[in-house]
Amino acid sequence: MTLHAPIRPAMTGPSANFGAAPETMLELFRGMVRIRLFEERATELFKAGVIKGTAHSYAGEEAIAAGTCQHLGRDDFIGSYHRGHGHCIAKGASLDRMMAELMGKETGYCGGLGGSMHIADLDLNILGANGIVGATMPLGTGAALAAKLTGSAQVSIAFFGDGAANQGVFHESVNLAAVWKLPMVFVCENNQYALNTPFRRTTSVDQIAMRAGGYGIPGTVIDGNDAVEVYRVVGDAIERARAGEGPSIVEAMTWRWGPHSMRANLREPRTDEEMKAWMARDPLIRLEERMRMEAGIPAATIASIREEVAEEIAAAVAFAAGSPEPDPQILSRAVYVPHWPHPEPRSQGARELTFPEALNEAIRQEMERDPAVFMMGEDIAETGGIFQVTKGLVERFGHDRIRDTPISESTFCGAGVGAAIAGMRPIVEVQIFDFVTLMMDMIVNQAAKFRFMNGGHARVPLVIRGPQGGGIRLAAQHSQSLEAWFSHVPGLVVIAPSTPYDAKGLLTAAIRDDNPVIFLEHKMLYLGKSGPVPEESYAIPIGKAAIRRPGTDVTIIATQVMVSKALSAAVELERQGISAEVIDPRTIRPLDVDTILDSVRRTNRAVIVHEACLTGGFGAEVAALINEHAFDWLDAPVTRVASLDVPMPFNDRLESAVIPSQERIVAAVCGLFGKDV
7 MTLHAPIRPA MTGPSANFGA APETMLELFR GMVRIRLFEE RATELFKAGV
57 IKGTAHSYAG EEAIAAGTCQ HLGRDDFIGS YHRGHGHCIA KGASLDRMMA
107 ELMGKETGYC GGLGGSMHIA DLDLNILGAN GIVGATMPLG TGAALAAKLT
157 GSAQVSIAFF GDGAANQGVF HESVNLAAVW KLPMVFVCEN NQYALNTPFR
207 RTTSVDQIAM RAGGYGIPGT VIDGNDAVEV YRVVGDAIER ARAGEGPSIV
257 EAMTWRWGPH SMRANLREPR TDEEMKAWMA RDPLIRLEER MRMEAGIPAA
307 TIASIREEVA EEIAAAVAFA AGSPEPDPQI LSRAVYVPHW PHPEPRSQGA
357 RELTFPEALN EAIRQEMERD PAVFMMGEDI AETGGIFQVT KGLVERFGHD
407 RIRDTPISES TFCGAGVGAA IAGMRPIVEV QIFDFVTLMM DMIVNQAAKF
457 RFMNGGHARV PLVIRGPQGG GIRLAAQHSQ SLEAWFSHVP GLVVIAPSTP
507 YDAKGLLTAA IRDDNPVIFL EHKMLYLGKS GPVPEESYAI PIGKAAIRRP
557 GTDVTIIATQ VMVSKALSAA VELERQGISA EVIDPRTIRP LDVDTILDSV
607 RRTNRAVIVH EACLTGGFGA EVAALINEHA FDWLDAPVTR VASLDVPMPF
657 NDRLESAVIP SQERIVAAVC GLFGKDV
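Following the numbering used here, the numbering of the sequence shown begins with 7 at its first residue and continues without gaps.
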């Protein structure tokens, strides 16, 4: 591990033993001037009320972005954070479109949907600035994994601040990148204050780069205000990554000139003495002096660069100011990529598979069809997953594509998001779906919002799948049904099959879809009966319900394992003279509202059955839809049958008491007709 002495504000002048060619210095200087003048003008526009919301200035830290991105090609990846203007400019982003985005205009990179904190240019493989602290690291890890899987020479740079180094995803991402020897550089911009709290009060080591030793990778502390030193040291780390030697951490000591954000109306924690010492080490002035003294670059050349950039900035402001406001129609178009209109097979055939076998076959056939498909998860390779869904796949596809992960759900899920953005089609297995709570930021704030925040231009073809639900005595932390959480989030597709046939066809459709899909597999279905499944590859349309049993007197809408209980209840109800139609939504978001409403308008009664808790469950949404759109057809109130509002107990009799039963469904239906069971 290489560790320079910590950089202190008292240091002045260029670092020793580092040099760069004159043309390199000129390019670094031009990039830094573009960042500085952009930020100065953005600050003025914010104070004038032209730029609204907030923005986070990169002024004072220009050397880090410029020195790093000077080594990167168009295809290399960078991931940024809320102070991301500098990174985007250094990577080559358009000043016009960046300024337009800050003003919320249609011509901005994100069409006015992202703003300062979410600027991205996917054509330049800028994965975007990110308002969630530390999130750039899992996403960047996924992009690096995509580069490794495709055998490209791309590298991924994750820029992050000193505050993010205390997030769990920092440690998880560094570990994952080190274990898999990913082509990645973690660049910590240590400006010594997370928001207002000093770095020295929140971090257990003298320098963040010291943590690299715990993961067996190089860690280096550099003067982040010396553009040439940044250029040389980060360049070595990038070269190492391209050579297949794995990741590095580079900690660049620097100083932001302004407050945490332009909107922040907080105390200034930094002393006047600190401010003066660091302002005296202005990275632009230091590089300018070096250009004149070491490279003999004339002052007139330097002045002309400043003038040219000033004209660029003025033109960018004029472009943005003259651009139209976005049309509200962009909102709905930006959330989802349209689903493929897959035709269903005409026949399910005679061959039968179990639910896990059907899932396994879907994964195998899609991996054979598309080399971009791969899987990540805990114990999915030789073990085959704890429910054997991936059994035998590692022998067929190898460990690169059937990839056992560390127990770090947030980061391997985030790596799936990053890999999907970078062009792969990852399948992420959640060993038990309760563990998805550890992935929620990556699912809700990253995967679900990425396309929208980037103006509807991005695709995130990611499947997150695994077992949920109770019935096998795994108690409260391994038995939840969480579909309502995900159905509440725009940008996510939520699929919940109930048969082996649907399991294969819907998983195939999910893998081919260009949106992030939450694919729910009930544990009891793993243990259930086999069913007919065609041998050929097929996909079932996303958003199309199945009528499992026709009826005339009442509509029962049931999901997952509740479908079989509803069908059994329908048989019992028939003996009592009640004809029940059973509808299986199959996909919860998007929901086939038309099929449900058409049925209710014919039967005039509705019962909704799901295993999740009653309060706030998916059934409440369906009941509201029926009430809003079919109220005049109802002869009785819409009724819900769900689990009791308690965590799942361990005892088998208590577990059975919590979960809806056939008897409770029959009783709910009979109640609509004034009958006793």
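By construction, the Cβ of each residue, glycine as well, lies at the ideal position given by its N, Cα and C atoms.
Q474 - partner residues in DSSP beta bridges: Here the question's residue 474 lines up with position 468 in the sequence shown. Note: Q474 sits in a beta bridge opposite H528.
Please go through the same chain and pick out, in chain order, the residues whose beta-carbon is closer than 7 Å to the beta-carbon of H10, but skip the five residues on each side of it. For this step, residue 10 is matched to residue 4 along the sequence shown. Confidence at H10 is low in this model, with a pLDDT of 37, below 50, so the placement of that residue should be treated as unreliable; the coordinate-derived value is given next. Cβ within range, chain order: T226, V227, I228.
Is DSSP giving S667 helix, strand or coil here? Numbered from 1 along the sequence shown, position 661 holds the residue referred to as residue 667. Coil.
Using the rule of at least 16 other Cβ atoms within 10 Å of the residue's Cβ for burial, across every protein chain shown, is V256 buried or exposed? Indexing the sequence shown from 1 puts residue 256 at position 250. V256 should be labelled buried.
Please state the DSSP three-state secondary structure of V434. Indexing the sequence shown from 1 puts residue 434 at position 428. Reduced to three states, the DSSP call for V434 is strand.
Do you know offhand how far L130's Cα is from A618's? Counted from its first residue, the sequence shown places residue 130 at position 124. Counted from its first residue, the sequence shown places residue 618 at position 612. Between L130 and A618, the C-alpha separation is close to 43 Å.
If you measure between the beta carbons of P189 and T417, is that distance less than 8 Å? Within the sequence shown, the letter at position 183 stands for residue 189. Within the sequence shown, the letter at position 411 stands for residue 417. Taking 8 Å as the Cβ cut-off, P189 and T417 do not qualify as a contacting pair.
G222 versus N181: straight-line alpha-carbon distance, rounded: Indexing the sequence shown from 1 puts residue 222 at position 216. Indexing the sequence shown from 1 puts residue 181 at position 175. One C-alpha to the other measures close to 9 Å.
Own chain, CB closer than 8 Å to G677, minus 5 neighbours either side, in chain order: Numbered from its first residue, the sequence shown carries residue 677 at position 671. So the qualifying residues of the chain are T645.
Own chain residues within Cβ distance below 6 Å of A3, not counting five before or after: Beyond the ends of the chain as shown, which are 7 and 683, falls residue 3; an answer cannot be given.
In terms of residue numbering, what span does the beta strand (DSSP E) encompassing F380 cover? Counting from one through the sequence shown, the residue named residue 380 turns up at place 374. Taken as a continuous stretch (DSSP letters only), the beta strand (DSSP E) holding F380 covers 379 to 383.
Taking only the alpha-carbon atoms, compute the straight-line gap between E372 and R471 and give it to the nearest angstrom. Position 366 of the sequence shown, counted from the start, is the residue given in the question as residue 372. Position 465 of the sequence shown, counted from the start, is the residue given in the question as residue 471. About 15 Å.
Distance, D102 Cα to G220 Cα: The sequence position of residue 220 within the sequence shown is 214, counting from 1. The sequence position of residue 102 within the sequence shown is 96, counting from 1. Cα to Cα, the separation comes out at about 43 Å.
Three-state class that DSSP yields for F166 in the structure shown: Along the sequence shown, one-based indexing puts residue 166 at 160. Strand at F166.
Thinking E29 and P289 are a contact (beta carbons under 8 Å), I'd like their distance in whole angstroms, please. Against the sequence shown, residue 29 aligns to sequence position 23. Against the sequence shown, residue 289 aligns to sequence position 283. Actually they do not touch by this definition, with Cβ atoms about 19 Å apart.
Going along the chain, which residues of its own chain have a beta-carbon closer than 6 Å to the beta-carbon of A428, five neighbours each way excluded? Residue 428 sits at position 422 when you count from the first residue of the sequence shown. Same-chain partners within the cutoff: A149, A152.
If we ignore side chains and look at the alpha-carbon of each, how far apart do A421 and W263 end up? For the purposes of this step, residue 421 is taken as the residue at position 415 of the sequence shown. For the purposes of this step, residue 263 is taken as the residue at position 257 of the sequence shown. One C-alpha to the other measures close to 33 Å.
Minimum C-alpha distance to F44 - residue among V240, M654, W186, E314: The residue labelled residue 44 in the question sits at position 38 within the sequence shown. Minimum Cα distance to F44 is reached at E314.
Of the residues A61, T74, H62, the one placed nearest F35, counting alpha carbons only: What you label residue 35 is simply residue 29 of the sequence shown in a count that begins at 1. Answer by Cα proximity: T74.
Taking the alpha-carbon positions, what's the R207 to A453 distance? For the purposes of this step, residue 207 is taken as residue 201 along the sequence shown, with counting starting at 1. For the purposes of this step, residue 453 is taken as residue 447 along the sequence shown, with counting starting at 1. Going from the Cα of R207 to the Cα of A453 covers about 33 Å.
Boundaries (first-last residue) of the beta strand (DSSP E) holding S649: Numbered from its first residue, the sequence shown carries residue 649 at position 643. Where S649 is concerned, the enclosing beta strand (DSSP E) stretches over 645 to 649.
Beta-carbon proximity of I524 to I433, cut-off 8 Å: For this step, residue 524 is matched to residue 518 along the sequence shown. For this step, residue 433 is matched to residue 427 along the sequence shown. For I524 and I433, no; Cβs fall outside 8 Å.
In DSSP terms, what Y199 is bridged to: Looking up residue 199 in the sequence shown gives position 193. Paired residue(s): P204.
Enumerated in chain order, which unbroken segments of the alpha helix (DSSP H) with a length of 4 residues or greater are wholly contained in the stretch 588 to 625? 599 to 609
Would you report the Cα separation of T307 and K111, rounded to the nearest angstrom? Counted from its first residue, the sequence shown places residue 307 at position 301. Counted from its first residue, the sequence shown places residue 111 at position 105. Distance between the alpha carbons of T307 and K111 is about 35 Å.
F403: which of T411, E384, F380, G424 sits nearest, CA to CA? Taking the sequence shown and counting its residues from 1, one reaches residue 403 at position 397. Ranking T411, E384, F380, G424 by Cα distance to F403 puts F380 first.
In the DSSP assignment, find the beta strand (DSSP E) that holds A243 and state where it starts and stops. Residue 243 sits at position 237 when you count from the first residue of the sequence shown. Careful: A243 lies outside any beta strand (DSSP E), inside the alpha helix (DSSP H) at 233 to 248.
Taking the straight line between their C-alpha atoms, what separation do you get for A576 and V588? The residue given as residue 576 occupies position 570 in the sequence shown. The residue given as residue 588 occupies position 582 in the sequence shown. For A576 and V588, the distance between alpha carbons rounds to 8 Å.
Round the Cβ separation of R457 and G497 to the nearest angstrom and send it over; I've been treating them as touching at under 8 Å. Within the sequence shown, the letter at position 451 stands for residue 457. Within the sequence shown, the letter at position 491 stands for residue 497. So it is a contact: roughly 7 Å between Cβ atoms.
Return the first residue and the last residue of the alpha helix (DSSP H) that Q427 is part of. The residue you call residue 427 lines up with position 421 of the sequence shown. The identity of residue 427 in the sequence shown is Ile, whereas the question assumes Gln. That run of the alpha helix (DSSP H) goes 415 to 427.
Is the beta carbon of A99 less than 8 Å from the beta carbon of I41? Mapped onto the sequence shown, residue 99 falls at position 93. Mapped onto the sequence shown, residue 41 falls at position 35. Against a cut-off of 8 Å, the Cβ pair of I41 and A99 comes out as no contact.
Beta strand (DSSP E) segments (min. 3 residues) lying fully within the stretch 519 to 589: 523 to 528, 552 to 555, 560 to 564
Can you find the residues in the same chain that come closer than 8 Å, C-beta to C-beta, to V211, ignoring five residues on each side of it along the sequence? Counted from its first residue, the sequence shown places residue 211 at position 205. R217, listed in sequence order.
Segment contact, 8 Å Cβ cut-off, at least three pairs: the stretch 459 to 468 with the stretch 509 to 524: yes
Going by beta carbon distance, what residues of the same chain come within less than 7 Å of R670, once the five residues before and after it are set aside? Looking up residue 670 in the sequence shown gives position 664. Result list for R670: V647, in chain order.
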